[in-house]
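See below for the structure under consideration.
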């Protein structure tokens, strides 16, 4: 099973283990329900790093999930493929959904493979209401091949002004970068990798051979 950052997976909470030896997961994690999200980190063979969200903002926990214990998996791209926002009760009134309707047309028109992440992705996958008036729209674009800075700048310009804050990540084979940063003028951009964030001018370069840039600790 291939799991990537932002994928949602369903698993018995009792199968999860704490990320550090000798520590235990909080009771709210073990007794909770609902999917957990794959996070960006290294893990032992057979295990996947995940994050769990509770009922409050203070309830956020990292954990490890066994691959052979996964019951179901949903990725952000499949959520975009099914277009659940078209049938959402607030499609024409909520800033996030109004923005998504427009950006979906734009991204599809550029033949980009993209997906919905964050709280809206969780809502689409579970049916549990997550949106509130101040919600952001979090999207990811699958970018296995380089996207030029000029292409990124053109896309940002076409996105223009939106009804809500929008965070779009470009998912390269070695980690994610912000579309807005890649469209900017800074020589280097922040890339989130499995070993932590790094500043790089070449986000599509293999992090294992980019020793000149180094990996910055979290």
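In this note's numbering, the protein residues as written are -3 to 214. We treat Cβ as the ideally placed atom computed from N, Cα and C, and that holds for glycine. Small disclaimer: the values here were computed from a predicted structure and weren't measured.
Could you name each continuous beta strand (DSSP E) segment of 3 residues or more that falls completely within the segment 127 to 210, going from the start of the chain to the end?
-> The beta strand (DSSP E) runs lying completely inside the segment 127 to 210 and spanning 3 residues or more are 133 to 138, 162 to 168, 171 to 174, 185 to 189, 192 to 196, given in chain order.
Taking DSSP as the reference, what is the three-state secondary structure of residue 77?
-> Helix.
Residue 195 and residue 164 look like a contact to me (Cβ under 8 Å); what is the Cβ gap, rounded to whole Å?
-> At roughly 20 Å, the Cβ-Cβ gap does not stay under 8 Å, so residue 195 and residue 164 are not in contact.
Could you say which of 12, 39, 26 lies nearest to residue 66 if we only look at CA atoms?
-> 12
In angstroms, rounded to a whole number, what distance separates the CA positions of residue 92 and residue 103?
-> Annotation: residue 92 to residue 103 spans about 16 Å, alpha carbon to alpha carbon.
Alpha carbon to alpha carbon, how far is residue 106 from residue 177?
-> 19 Å
Take the Cβ of residue 88 as the centre, count every other Cβ of all protein chains shown within 10 Å, and call the residue buried at 16 or more, exposed below.
-> exposed
Extent of the continuous beta strand (DSSP E) run through residue 47 = 43 to 49
Proximity winner among 133, 56, 36, relative to residue 76 (alpha-carbon distances) | The shortest C-alpha separation from residue 76 is found at 133.
Distance between residue 131 and residue 85 (C-alpha atoms, nearest Å) = 16 Å
What residues in its chain sit with their C-beta under 8 Å from that of residue 210, if we drop five residues either side in the sequence?
-> Unreliable placement is indicated for residue 210, whose pLDDT of 43 sits below 50; the coordinate value is still reported in the next sentence. Closer than 8 Å at the Cβ level, and outside the excluded window around residue 210, lie 194.
Between residue 16 and the rest of its own chain, which residues show a CB-CB distance below 7 Å, the 5 nearest in sequence each way excluded?
-> none
Give every residue of the same chain whose Cβ lies closer than 6 Å to the Cβ of residue 113, excluding the five residues on either side of it in the sequence, and list them in chain order.
-> Same-chain partners within the cutoff: 2, 72, 134, 136.
Looking at C-alpha atoms only, which residue of 202, 144, 162 is the closest neighbour of residue 169?
-> 202
Pick out whichever of 139, 26, 159, 50 has its Cα sitting closest to the Cα of residue 126.
-> 50
Residue 44: which of 54, 52, 55, 32 sits nearest, CA to CA?
-> 32
Can you list, in chain order, the residues of its chain whose CB lies under 6 Å from that of residue 155, leaving out five sequence neighbours each side?
-> none
With a CB to CB cut of under 7 Å and the five nearest residues on each side skipped, what residues in its chain are close to residue 90?
-> 127
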